[in-house]
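Protein sequence lines, in the order shown, are assigned to chains X and R. Using this note's numbering, the first residue of the first sequence is number -6, and each one after it goes up by one. Using this note's numbering, the first residue of the second sequence is number -6, and each one after it goes up by one. In what follows, a structure is listed as structure tokens, so that the remarks can point back to it.
Protein chains: 2
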Amino acid sequence: MNATILCVGTELLFGQIVNTNAAWLSQKLQILGINVLYHYTVGDNPGRMRETLIRALRETDLVITSGGLGPTQDDLTKEIIAEVMDDELVLDERALAEIETVFSRAGRRMTDNNRKQAYLPKSGTTIYNDVGTAPAFALEKDGKIVIALPGPPRELQHLFETQVLPMLAARSGSVIRYRMLRFYGVGESDLETRLEPLIDGQTDPTIATYAKEGECTVRIASKRPTPEEAETALDETENRIKEIVGKYLYSDQDQDLAEVVLNELIAKGLTISSAESCTGGLFADSLISYAGASTVFNRGFITYTNASKEEMLGVPAETLDRFGAVSEETAVAMAQGTLKCAGTDIAVSVTGIAGPDGGSAEKPVGLAWIAVVTASGELRTKKHYFRDRGRNWNRKTFVLEMLHQVYCMLETISC
Amino acid sequence: MNATILCVGTELLFGQIVNTNAAWLSQKLQILGINVLYHYTVGDNPGRMRETLIRALRETDLVITSGGLGPTQDDLTKEIIAEVMDDELVLDERALAEIETVFSRAGRRMTDNNRKQAYLPKSGTTIYNDVGTAPAFALEKDGKIVIALPGPPRELQHLFETQVLPMLAARSGSVIRYRMLRFYGVGESDLETRLEPLIDGQTDPTIATYAKEGECTVRIASKRPTPEEAETALDETENRIKEIVGKYLYSDQDQDLAEVVLNELIAKGLTISSAESCTGGLFADSLISYAGASTVFNRGFITYTNASKEEMLGVPAETLDRFGAVSEETAVAMAQGTLKCAGTDIAVSVTGIAGPDGGSAEKPVGLAWIAVVTASGELRTKKHYFRDRGRNWNRKTFVLEMLHQVYCMLETISC
């Protein structure tokens, strides 16, 4: 099956917002084995919307629209789809009741415009919206399907995951299950090469790799007659992947490294503190951005100057003089000083050269030393170096490496 | 003039990358007074690329393409454009020489594929690429223009700003100048209402407003016969805007609040330190993400627990007990403790409720207290409250408010 993604909204054509829905939907349709041939964006203009929809339906079997389902006069997506598909809009009582509930709960007055949102194509299947006021729908005619979703990414993603994905899978008498496996410490091309024997000739589950700053994700997806068969197929494939590259896997639930580390700390009842130089608080932020952090993150030191390393953490001046601020010795002294001040179970430190200045042949931009110490006397250090790709890219990779060293310490595995 | 933006690349249709070029180009074309009617994305497929280009040229006068100018067999944008516009590709000697220089400088071997990049439409105008290997070009025929740009955003943006923008402006015998004015402390709709008398009936310079997390940007653009006239027109409009909402303006050079604060600190030779609770290092990060931070940012304290506020900053237990961790008194004690420990000219603190838990009727999620103190004894505090829009949105607004309080202290203006 071939598909077009048709995004509607003048704010997209003005460049006021970046279209993230097209990429998101494309990834999900790929899981279903549906080829996306076109992304189109048009403004809130009935003529151009009509022509573009007609073209999309001629060229592909499935058209997914986003946007234009709101209560205002500009929102014409439903009207145009009904017209092009030779259908009509009728009141959906359940949709109306749901919109009324949203308004009465919020203590807001409902207008006739909002009532308009409950009018939906007569021959369509309503996709009731439990996270917003705009109901979505699917409409099929002569072997062509249009699925209209609301524009806000949170609503679009939720409705797609919970209702559209199962609906599309069911058309082929199948269910779809997929998992995102997250890896650290292995490059994308290396990962692909190692998994090649598995990827080649494998039709279900499908395996796809994605790269992100210093990280890789492998998506495995299975389309089978029953959920049990799909899950079993995923288990088997996941196990085969683990046999090959399992030592780099840190999450099979699409979680960030920070979230995984935080959950491990919570599960083990351990507290942590940090000392950062060039990362300037980004490590602490990576944990504190999750609500559960308050039970495990105790305090952080941002020691950006040599004086602050000495005064806040008791790093000896001799250590800084003899080995330099960016050295294994300084990283260890920073972590030990942090542990002592904070009294936590674990302390982690980083000292590095983020650039653009400050690098040398011996200590280039992109180099960092990381140390992790525990109250029970364990110590691990890591010399981290990635090719310099700019100050903030470097800083993010330093934080990932800190998280990974803490993760390794928690797992007591060698990395 | 009406335009289509046509992005080429299978990686876009797979959802592996989000298309930021379409929004970026749309904003810039709007400055030129060009209406963008469509965004299209197609894969590296000659048939669909050809059909889509033909349609775009029928529907609009200007087509800007991005992507498909690389050295591989997949890269077919030039070939398709030449075919559709009835032109032919010929060797551009200067383009070839430039590509050869890039390779010889990098010590890399040049292949025949790279040589292919120097073949360009015979009747076109080459847009030489000083930041990459793919030359771009403009080709005009029968009143229709195609401009082909490389896909990597850094190259596309640079070539557009330096060559395409002047080229398109010159077609109307004009030059284009524009400025981005950045505001803090005023909402977008409020700003629009206040500027309405200026916006209404104003044809040049044009005025457009944009909203971002807790901030607003106003773009003013002028298209005039000479650069001097355009700059004079911008000066006049900027002055009129300043008369109305000048007290909220913090940059007329499209700089972040963090960058503005950092540059002010550097210019005044002042040092700063920080104490953060729920923002967890984000304030320090906002400054340290800029390379110049090392001369002004001394150290930061992430005091996420009450104990750490007492031990690291000497906040009295009585203050915490009596007024609570989120209070003016605690914020002041944190800032004063930071100033004392760090010995900087300025210290700033924040203590707030980021959510989702921890709020109450009296102290709701989204509330923060901020304090700024100086070595010369000045003190300012601010109770910040925005409606809760999620933990990390709240945390970002807290950081913006911290930056703004420091900015106000530096300007010694009242906000």
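Even for Gly, the Cβ is constructed at its ideal location relative to N, Cα and C.
Exercise for review: Note down the Cα distance separating ALA335 (chain R) from ASN291 (chain R), rounded to an integer number of angstroms.
Suggested key: Looking at the two C-alpha atoms, the distance is approximately 7 Å.
Check your understanding: If we count the other Cβ atoms within 10 Å of its Cβ and call it buried at 16 or more, is ILE124 (chain R) buried or exposed?
Key -> With the sequence shown as reference, residue 124 (chain R) is identified as Val, and Ile is not the correct amino acid for it. Classification of VAL124 (chain R): exposed, given that the 10 Å Cβ count is below 16.
Point to revise | Contacts around ARG41 (chain X), its chain only, beta-carbon distance under 6 Å, and the 5 residues preceding and following it disregarded | key: Once the five neighbours on either side are set aside, the close Cβ partners of ARG41 (chain X) are VAL35.
Point to revise | MET42 (chain X), enclosing alpha helix (DSSP H) - first and last residue | key: Run containing MET42 (chain X): 39 to 52, per the alpha helix (DSSP H) assignment.
**Study point:** Length of the line joining the Cα atoms of VAL421 (chain X) and ASP85 (chain X)
**Key:** Past the boundaries of the shown model lies residue 421 (chain X); chain X is included only from -6 to 408, so the question cannot be answered.
Exercise for review: Taking all protein chains shown into account, decide if ARG217 (chain X) is buried (16 or more other Cβ within 10 angstroms of its Cβ) or exposed.
Suggested key: Residue environment analysis places ARG217 (chain X) among the buried positions, since at least 16 neighbouring C-beta atoms fall within 10 angstroms of its C-beta.
Review point. If contact means a Cβ-Cβ distance below 9 Å, which residues of the stretch 21 to 40 of chain X contact chain R?
Key: Correct list: LYS21, LEU22, GLN23, ASN28, VAL29, LEU30, TYR31, HIS32, TYR33, THR34, VAL35, GLY36, ASN38.
Practice item. Grab me the residues of ILE259 (chain R)'s own chain with a C-beta within less than 7 Å of its C-beta, minus the 5 sequence neighbours each way, in chain order. Key: GLY285, THR288, VAL289, listed in sequence order.
Exercise for review: Confirm, please, whether the CB-CB distance from GLY345 (chain X) to CYS401 (chain X) is below 8 Å.
Suggested key: No; because the gap between Cβ atoms is not below 8 Å, this pair is not in contact.
Check your understanding: At a Cβ cut of 9 Å, what residues of the stretch 349 to 368 of chain X count as close to chain R, listed as they run along the chain?
Key -> Against chain R - using a Cβ distance shorter than 9 Å - the residues of the stretch 349 to 368 of chain X are PRO349, ASP350, GLY351.
Point to revise | Proximity of TYR33 (chain R) and GLU52 (chain R) at Cβ, strictly below 8 Å | key: GLU52 (chain R) sits away from TYR33 (chain R), with the two beta carbons spaced by 8 Å or more.
Check your understanding: What residues of chain R sit near MET305 (chain X), judged by a beta carbon separation below 7 Å?
Key -> Simply ARG292.
Practice item. Would you give the residue range spanned by the alpha helix (DSSP H) that TYR400 (chain R) belongs to? Key: Counting along the chain, the alpha helix (DSSP H) containing TYR400 (chain R) begins and ends at 384 to 404.
Practice item. Could you have a look at GLU76 (chain R) and say whether DSSP puts it in helix, strand or coil? Key: Note: GLU76 (chain R) maps to helix in three-state DSSP.
Exercise for review: Taking only the alpha-carbon atoms, compute the straight-line gap between ARG233 (chain X) and VAL11 (chain X) and give it to the nearest angstrom.
Suggested key: The straight-line gap separating the alpha-carbon atoms of ARG233 (chain X) and VAL11 (chain X) is approximately 38 Å.
Check your understanding: To the nearest angstrom, how far is it from the Cα of PRO357 (chain R) to the Cα of PHE316 (chain R)?
Key -> The alpha-carbon atoms of PRO357 (chain R) and PHE316 (chain R) are separated by roughly 15 Å.
Check your understanding: Should TYR171 (chain R) be flagged as near chain X, meaning a C-beta pair shorter than 8 Å?
Key -> In terms of beta-carbon proximity, TYR171 (chain R) stays away from the interface with chain X, with every pair separated by 8 Å or more.
**Study point:** Any C-beta of chain R under 8 Å from that of SER59 (chain X)
**Key:** Cβ-Cβ to chain R under 8 Å: no for SER59 (chain X).
Exercise for review: With distances taken Cα to Cα, identify the nearest neighbour of ARG(-5) (chain X) among R:LEU6, R:GLU257, R:LEU18, R:MET160.
Suggested key: First, the residue type needs correcting, since residue -5 (chain X) is Asn and not Arg in the sequence shown. The residue with the shortest Cα to Cα distance from ASN(-5) (chain X) is R:LEU6.
Check your understanding: What are the complete beta strand (DSSP E) segments, minimum 3 residues, inside the stretch 162 to 200 of chain R?
Key -> If we require 3 residues or more, the beta strand (DSSP E) runs fully inside the stretch 162 to 200 of chain R come out as 168 to 177.
Point to revise | Test: ALA251 (chain R) CB closer than 8 Å to a CB of chain X | key: No - not a single Cβ of chain X is within 8 Å of the one on ALA251 (chain R).
Practice item. Would you list, in sequence order, the uninterrupted beta strand (DSSP E) runs of no fewer than 3 residues that lie entirely inside the stretch 119 to 161 of chain X? Key: With a minimum length of 3 residues, the continuous beta strand (DSSP E) runs that stay inside the stretch 119 to 161 of chain X are 129 to 134, 137 to 142.
Check your understanding: If you follow the beta strand (DSSP E) that PHE7 (chain R) is part of, which residue opens it and which one closes it?
Key -> Boundaries cannot be given for PHE7 (chain R), as no beta strand (DSSP E) includes it and DSSP labels it neither H nor E.
Check your understanding: So, helix, strand or coil for ASN291 (chain X), using DSSP?
Key -> Correct three-state label for ASN291 (chain X): strand.
Review point. Going by Cα to Cα distance, which pick from R:GLY166, R:ARG170, R:LYS205, R:TYR283 is closest to GLY180 (chain R)?
Key: Residue R:LYS205 is the option with its Cα nearest to GLY180 (chain R).
Exercise for review: Taking only runs that begin and end inside the stretch 207 to 235 of chain X, name each unbroken beta strand (DSSP E) of 3 or more residues, in chain order.
Suggested key: Qualifying beta strand (DSSP E) stretches, in chain order: 208 to 217.
Review point. Would DSSP call TYR112 (chain X) helix, strand or coil?
Key: Correct three-state label for TYR112 (chain X): strand.
Review point. In chain order, what residues of the same chain have a beta carbon less than 7 Å from the beta carbon of GLU91 (chain R), not counting five sequence neighbours either side?
Key: Only TYR121 meet the Cβ criterion.
Check your understanding: Ends of the beta strand (DSSP E) at ILE363 (chain X)?
Key -> Counted as a single uninterrupted DSSP element, the beta strand (DSSP E) harbouring ILE363 (chain X) occupies residues 360 to 367.
Check your understanding: When burial is assigned at 16 or more other CB atoms within 10 Å of the CB, is LYS389 (chain R) buried or exposed?
Key -> It is buried - the Cβ of LYS389 (chain R) has at least 16 other Cβ atoms within 10 Å.
Check your understanding: PRO190 (chain X) to SER19 (chain X), Cα distance in whole Å?
Key -> Approximately 26 Å, taken between the alpha carbons.
Exercise for review: Per DSSP, which residues does ALA204 (chain X) bridge with? Please list them.
Suggested key: In DSSP, ALA204 (chain X) forms a bridge with X:CYS209.
**Study point:** Within 8 Å, strictly: CB atoms of ASN106 (chain R) and THR65 (chain R)
**Key:** In this structure, ASN106 (chain R) lies near THR65 (chain R), with their beta-carbon atoms less than 8 Å apart.
Review point. Can you check whether the CB of ALA277 (chain X) is closer than 8 Å to the CB of LEU396 (chain X)?
Key: No.
Check your understanding: Quick one, which residues of the stretch -4 to 16 of chain R are near chain X if we go by CB-CB under 9 Å, in chain order?
Key -> Shown in chain order are the members of the stretch -4 to 16 of chain R whose Cβ falls below 9 Å from a Cβ of chain X: ILE(-2), CYS0, LEU5, LEU6, PHE7, GLY8, GLN9, ILE10, VAL11, ASN12, THR13, ALA15, ALA16.
Point to revise | Own chain residues within Cβ distance below 6 Å of GLU27 (chain R), not counting five before or after | key: The residue you asked about is not Glu; residue 27 (chain R) is Ile in the sequence shown. The residues are MET(-6), ALA(-4).
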